[in-house]
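By the working numbering, the letter at position 281 of the sequence shown is numbered 282, and the numbering carries on one by one without gaps. Where is the CB? At the ideal position from N, CA and C, for every residue including glycine. A short write-up of the structure that comes next.
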Amino acid sequence: MPQRSFCLALMLALLLPSTISLADPVAFIGSWELTPVDGGAGWLEVRQDDGIYAGTLLWMGGSPEPMNRVYFDGDTLHGFRIVDDEIRDSADVLVKTQQHPIFLTATLEGSRLRGMITQPSRDGANVVKAEFNGVRSDPMPAVPDLAQVELGDPIQLFNGRNLDGWIVAGGAHWGKLKDSSNADGWIPVDSDVANGWSVIDGVLTNNPAQTEGQPYIRYGNLITKTNFEDFNLTLEVKAPQDGNSGIYLRGIYEIQIRDSHGKPLDSHNMGALYGRIAPSRDVEKGAGEWQAVDITLVDRHLTVKLNGQIIIDNAPVTGCTGGALWSDESRPGPIYFQGDHTSIQYRNIVLRPVEN
2 MPQRSFCLAL MLALLLPSTI SLADPVAFIG SWELTPVDGG AGWLEVRQDD
52 GIYAGTLLWM GGSPEPMNRV YFDGDTLHGF RIVDDEIRDS ADVLVKTQQH
102 PIFLTATLEG SRLRGMITQP SRDGANVVKA EFNGVRSDPM PAVPDLAQVE
152 LGDPIQLFNG RNLDGWIVAG GAHWGKLKDS SNADGWIPVD SDVANGWSVI
202 DGVLTNNPAQ TEGQPYIRYG NLITKTNFED FNLTLEVKAP QDGNSGIYLR
252 GIYEIQIRDS HGKPLDSHNM GALYGRIAPS RDVEKGAGEW QAVDITLVDR
302 HLTVKLNGQI IIDNAPVTGC TGGALWSDES RPGPIYFQGD HTSIQYRNIV
352 LRPVEN
């Protein structure tokens, strides 16, 4: 090429807007298990909707929510979503609600994501940053034939007398548990939470009492010392009016416990997989009544019966829920009861592990 033509071509290349990407955005498409460097769990899905990149993000707590925008700059994935932020005083009284953005950036290092979540601090005086690593979720297993599933001998998780076999620790987003070499497999890392759990007349009872006008007390969750993989779990639960709790399976999937009788079906109602799968029907009893919950988790597929009727039928579970101890869906984990919301009662808690 003559030198003059080469210089002209170079000048045009420098002047024209660049649309060249250093990484193929398609490589980001899929479901990702996110692990914050400081502990906790998240989940990210990247997809194309009608040719436009889109995403869904779960970060620590809450539900997986659609991102407002997903786009690429060179080899970097960018995305953000706008969230409602409740501003509460020291007594946990709601002062106001305001919106703030959560920004995500991530790059690929081989088959792994490395990224950062950035958001303003609650008072807006600075920026809070959290690094994370991500691995692609394993492919969803085939739908299991529950008629062929063999269950082992029943394990009484609650003896009706005391809290033997359980520990009290803070919420997962506080990074409260870590691997241990002891026989039980877990030790609490952060114990600066109050214990509202006790046994009253043979019933496992949580009473996270607060005093009006006093600083808010953070109560702990009740977590089994034993880890489980696939299983059937049965129990009875009684929620008060406006009661709210949750049952975590393998430490990462929350079955919602809530007084929601008569409300429109929603993924935050009684028996739902929190924020992910809504119950198919309302068979819930009223507040203050004992209700039977029957949960089967096999090969990342979930079945929930409430008061003897199926409300989630062998449905695939596509990622962790808010409050998960970790994002890895392949590892066994504990059963844990959420203890930082309202009072709640449980009894007849029996688990039968899957043996085949």
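Cα atoms of ASN163 and LEU45: separation of roughly 40 Å, rounded to the nearest angstrom. Of PHE338, THR319, PHE229, ARG348, the smallest CA-CA separation from VAL144 is found for THR319. Contact between the stretch 209 to 220 and the stretch 228 to 245 is absent: fewer than three C-beta pairs spanning the two stretches fall below 8 Å. Ranked by how close their Cα comes to the Cα of ARG70, the residues ASP193, ASP76, TYR54, ASP85 have TYR54 in first place. In this structure, the beta-carbon distance from LYS226 to PRO335 falls below 9 Å. In this structure LEU326 does not touch ALA148 by the C-beta definition: roughly 31 Å separates them, more than the 8 Å allowed. Excluding five sequence positions before and after CYS321, the CB atoms of its chain that fall closer than 6 Å to its own CB belong to ALA42, TRP44, ILE253, SER328, given in chain order.
Between the stretch 117 to 136 and the stretch 25 to 39 there are three or more C-beta pairs closer than 8 Å, enough to call the two in contact.
Between SER261 and GLU285 the beta-carbon gap is near 6 Å, inside 8 Å, which marks them as a contact.
Of the residues assessed, TYR337 falls on the buried side of the cut-off, its CB having 16 or more other CB atoms within 10 angstroms. Annotated three-state conformation of PRO121 is strand, per DSSP.
In the structure shown, ALA28 falls within a helical segment according to DSSP collapsed to helix, strand and coil.
Going by C-alpha positions, LEU298 is about 10 Å away from PRO354.
With respect to the 9 Å criterion, GLY276 and ILE258 are not classified as neighbours on the basis of their beta carbons. Closest in alpha carbon position to VAL200, among ARG219, ILE168, TYR220, PHE159, is PHE159. DSSP places GLN149 within a helical segment (H, G or I) once states are collapsed to three.
Residue state for ASP295 is assigned as strand, using DSSP reduced to three classes. The continuous beta strand (DSSP E) containing GLU255 extends over residues 254 to 259.
Here the C-alpha atom of THR98 lies approximately 16 Å from the C-alpha atom of ARG82.
C-alpha of ARG115 to C-alpha of ARG48: approximately 18 Å in a straight line. Following the DSSP letters along the chain, one finds LYS306 inside the beta strand (DSSP E) bounded by residues 302 to 307. Annotation for MET141: ARG301, PRO317, THR319 place their beta carbon closer than 8 Å to its own, counting only its chain and skipping 5 residues before and after.
Within the same chain, Cβ atoms closer than 6 Å to the Cβ of THR343 are found at GLY244, ASN245, the five residues on either side in sequence being excluded. The stretch 199 to 264 is shown to contain whole beta strand (DSSP E) runs of 3 or more residues at 204 to 207, 222 to 225, 232 to 239, 245 to 250, 254 to 259, in chain order. Secondary structure at ARG277: coil, using DSSP grouped into helix, strand and coil. Looking at ASN357, ASN349, LEU59, the one whose alpha-carbon comes closest to that of THR206 is ASN349.
Residue pairing for GLY56: DSSP places it in a beta bridge opposite VAL47.
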